[in-house]
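Protein sequence lines correspond, in order, to chains A and B. Remember, my numbering sits 76 above the position in the first sequence when you count from 1. Remember, my numbering sits 112 above the position in the second sequence when you count from 1. Even glycine gets a Cβ: it sits at the ideal position worked out from N, Cα and C. Remarks on the structure that follows.
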Amino acid sequence: MKAPQASLTPDKRFAIADFFERYADVVDNGRFDQWPEFFTSDCLYRVTSRENVEAGLEYGALYCQGIGMVRDRTMALRDVTVFEPRTLRHVLGSPRLEQALDGSIKARTSFVVIEVLADSDPSLFMSGEYLDTIVEADGQLLLKERHCIYDNTRIATSLIHPI
Amino acid sequence: MTESVIDHSALRRSWPEEGHTRVPAWVYSDESIYRRELDTFFSGSTWNFVGLECELPTTGSYKRSWIGERQVIVVRDADGINVIENRCAHRGAAVCWKNSGTAKELVCPYHQWSYNLKGELEGVPFRRGVHGEGGMPADFDQKKLGLRRLRVAVRNGLIWASFSRDVPDFADYCGPELLTRIDRLFPGKPLRLVGQTRQSIPSNWKLYFENTRDPYHATLLHTFFITFGLFSASAKHHTGPTGESGRHLANYSVTAGKKVIEETSEMKRFDENLTLEDTDTVRHRDEFGDRQNSGLQVFPSVFIQQHFNSLAVRQIVPRGVNKMEVIWNFIGYEDDDEDMRQLRLKQSNLVGPAGFVSADDGEVLKQVQTTVKGYPDSVGFLEMGGRDVEQQDTTATEAAIRAFYKFYRREMGL
């Protein structure tokens, strides 16, 4: 196993783990207007299956190239899409971190997402991992890339809230 | 089949006397009806979509696919594409356990019976026994035991298969009107898979089939469509049940342009102040030179959709009477330029389980299935656009659903 690199201090590791928990907190508690604040303006966000990743496909069932598309998602969720009320709960694993040569940080973090619909018991909606590229701007951590790669074979009914 | 061969007293059910303008809820929840649908349609005299040629790039490339609840292997050998049952001739185990891959031969993991890529049995371990004991009888005929091969039609990159020996050729099965529409999207240019998503929806498969035949809901449920000009109630829209008895569908419309105001007063969720920051999501590069969007059904397995530059073949797989799966195959062409590649990625967001538009469909079909299960004797009402089943140039019609149920009743003897 590769030893953690010196440049990633325990403080930085804690800050990143905390950043991920804040992200999960925002989406789990329906504060979707704050969701775009986690991304850089030139971000890439997608939710896609492991199968697509293994086939080398860039496609995502939910795909945002740039902060505009992230905000458009928020708008659609708030004002346009018709859906059954639900609560999602993200449970995150410990991030595995690596400093990249360009100064960004690569992170891999397991997640499970439990879904509760208005009239049903909790069910496992999605399990998978985040593949992230994190950058720091003005002392603030931001996602330059977030690939939400799910292990599921299928998406159950619909993917409404961000992962 | 005629009405007289059906024992309605046994079913304790009969179709409402109004005919194809009504749909009884039990057709969506009755297990015995569902079993008959699988036999009559998916395993019957139909052509079913099973995959794309571009998914099988080399000799030995294979994928698993589904026709109704039957699993099949789609595989390329030196002579072309074969579609064979994924069911060992020995004990019925699935031979192929992976969604896709490459193989020189197909070996059943259970007793290692091996088949070539045409499904012909090539090897049976211990056929002559062990140390002179056991083994197959002397008259064991390997040639008679193979993986059953289906009829295959490959047209412009799409692979179709049929369990039927007497179904007409694929082109005749579709009919000229639908075929022209399919060929517009798939003219023979090499295709590429943009991506794939599998979605399970807790609804009967027919509800999905109806939903994609229903332009009326598209103007109302899918606010996104109207708000951003993909579709409009007043735009030219052709609603075209087609083929033999209208079992297929060839719908098309012209891109509306943003926010046609006249009819929006009747749309409660319409908000003209909404804007998109990234308008690529709704930028239509008119690659076919006709400004059209289209929705096509080849009964019973597929809905082919082109919204702007989002091109998808949605494979419909029933998973029991109350459940179904949609396999979304997003498609582009090999010769797409970089702008078009990006556009297709961005517009893949329009549809699918997270689609700006079609996420609504999964949500609403689940709600319909919940009520049809609880109220099996209730009746659906289908009189938008009149009571007949002919093609119409409007979105305010349910003619294509009526046509489907006229065909359905005849085939099912209901």
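Pairwise C-alpha distance: Ala137 (chain B) and Asp251 (chain B) = 53 Å
Whether Gln224 (chain B) touches Ala206 (chain B) by CB criterion (8 Å) | no
Are Thr509 (chain B) and Gly497 (chain B) close, meaning C-beta to C-beta below 8 Å?
-> yes
How big is the Cα-Cα spacing for Glu181 (chain B) and Gln308 (chain B)?
-> 20 Å
Distance, Cα to Cα, Gly136 (chain A) vs Arg122 (chain A)?
-> 5 Å
Should Glu160 (chain A) be flagged as near chain B, meaning a C-beta pair shorter than 8 Å?
-> yes
Meets three-Cβ-pair contact criterion under 8 Å: the stretch 317-330 of chain B and the stretch 426-434 of chain B | yes
Please look up how many angstroms separate the CB atoms of Arg165 (chain A) and Arg184 (chain A), rounded, as I've assumed it's under 8 Å.
-> Not quite, the Cβ-Cβ distance comes to about 21 Å (not below 8 Å), so this is no contact.
Give the interface partners of Thr124 (chain A) over in chain B, defined as CB-CB distance under 9 Å, in chain order.
-> Gly307 and Thr309
Beta-carbon proximity list for Trp127 (chain B), same chain, < 7 Å, skipping 5 on both sides | For Trp127 (chain B), same chain residues with a beta-carbon under 7 Å away, outside a window of 5 residues either side, are Pro136, Arg521 and Leu526 in chain order.
The alpha helix (DSSP H) spanning Thr150 (chain A) covers which residue range?
-> Ile143 to Asp155
Could you give the uninterrupted runs of the alpha helix (DSSP H) lying entirely in the stretch 398-445 of chain B, keeping only those of 4 residues or more?
-> The qualifying runs do not exist here; there are none.
If we count Cβ pairs, one from each stretch, closer than 8 Å, do we get three or more for the stretch 295-302 of chain B versus the stretch 450-468 of chain B?
-> Not touching, per the Cβ criterion.
Sort B:Leu229, B:Lys210 and B:Trp209 by Cα distance to Lys216 (chain B) and report the nearest one.
-> B:Leu229
Can a CB atom of chain A be found closer than 8 Å to the CB of Ala190 (chain B)?
-> no
Is the CB-CB distance between Tyr364 (chain B) and Asn405 (chain B) below 8 Å?
-> yes
Give the DSSP-derived three-state secondary structure of Thr292 (chain B) in the structure shown.
-> helix
Nearest to Arg293 (chain B) (by Cα), restricted to the options B:Asn316, B:Ala511 and B:Pro353 = The shortest C-alpha separation from Arg293 (chain B) is found at B:Pro353.
Can you grab the Cα-Cα spacing for the pair Leu388 (chain B) / Tyr222 (chain B), in whole Å?
-> 55 Å
Could you give the distance in angstroms between the alpha-carbon of Leu218 (chain B) and the alpha-carbon of Tyr174 (chain B)?
-> About 10 Å.
At what residues does the beta strand (DSSP E) containing Arg239 (chain B) begin and finish?
-> Where Arg239 (chain B) is concerned, there is no enclosing beta strand (DSSP E), given that its DSSP letter is neither H nor E.
Pull up the DSSP beta-bridge partners for Met202 (chain A), would you.
-> A:Val189
In this structure, does DSSP put Ser126 (chain B) in helix, strand or coil?
-> coil
Can you tell me whether DSSP reads Asp253 (chain B) as helix, strand or coil?
-> coil
Rounded C-alpha distance that separates Glu356 (chain B) from Met202 (chain A) | Taking the straight line from one Cα to the other gives about 42 Å.
Residue ranges of each beta strand (DSSP E) within the stretch 300-343 of chain B, 3 or longer = 303-313
Distance, Ser470 (chain B) Cα to Ala190 (chain B) Cα | So the alpha carbons of these two residues sit roughly 39 Å apart.
For Thr483 (chain B), count neighbouring Cβ atoms within 10 angstroms of its own Cβ and tell me buried if that reaches 16, exposed if not.
-> Of the residues assessed, Thr483 (chain B) falls on the exposed side of the cut-off, its CB having fewer than 16 other CB atoms within 10 angstroms.
So, helix, strand or coil for Gly525 (chain B), using DSSP?
-> coil
Is Val139 (chain B) buried or exposed, if buried means 16 or more other CB atoms sit within 10 Å of its CB?
-> buried
For Phe96 (chain A), collect the residues of the same chain with a Cβ closer than 7 Å to its Cβ; drop the 5 residues on either side in sequence, then sort them by chain order.
-> Within the same chain, and ignoring the five residues on either side of Phe96 (chain A) in sequence, the residues whose Cβ sits closer than 7 Å to its Cβ are Leu168, Pro171 and Thr185.
Can you name the residues of chain A whose CB is closer than 9 Å to the CB of Asn532 (chain B)?
-> Given a span of 113 to 526 for chain B in the structure shown, any question on residue 532 (chain B) remains unanswerable.
What residue range is occupied by the uninterrupted alpha helix (DSSP H) comprising Ser144 (chain B)?
-> Glu143 to Glu149
Is there at least one Cβ from chain B nearer than 8 Å to Ile225 (chain A)'s Cβ?
-> no
Hey, is Glu475 (chain B)'s beta-carbon within less than 8 Å of any beta-carbon in chain A?
-> yes
Under three-state DSSP, which class holds Ile239 (chain A)?
-> coil
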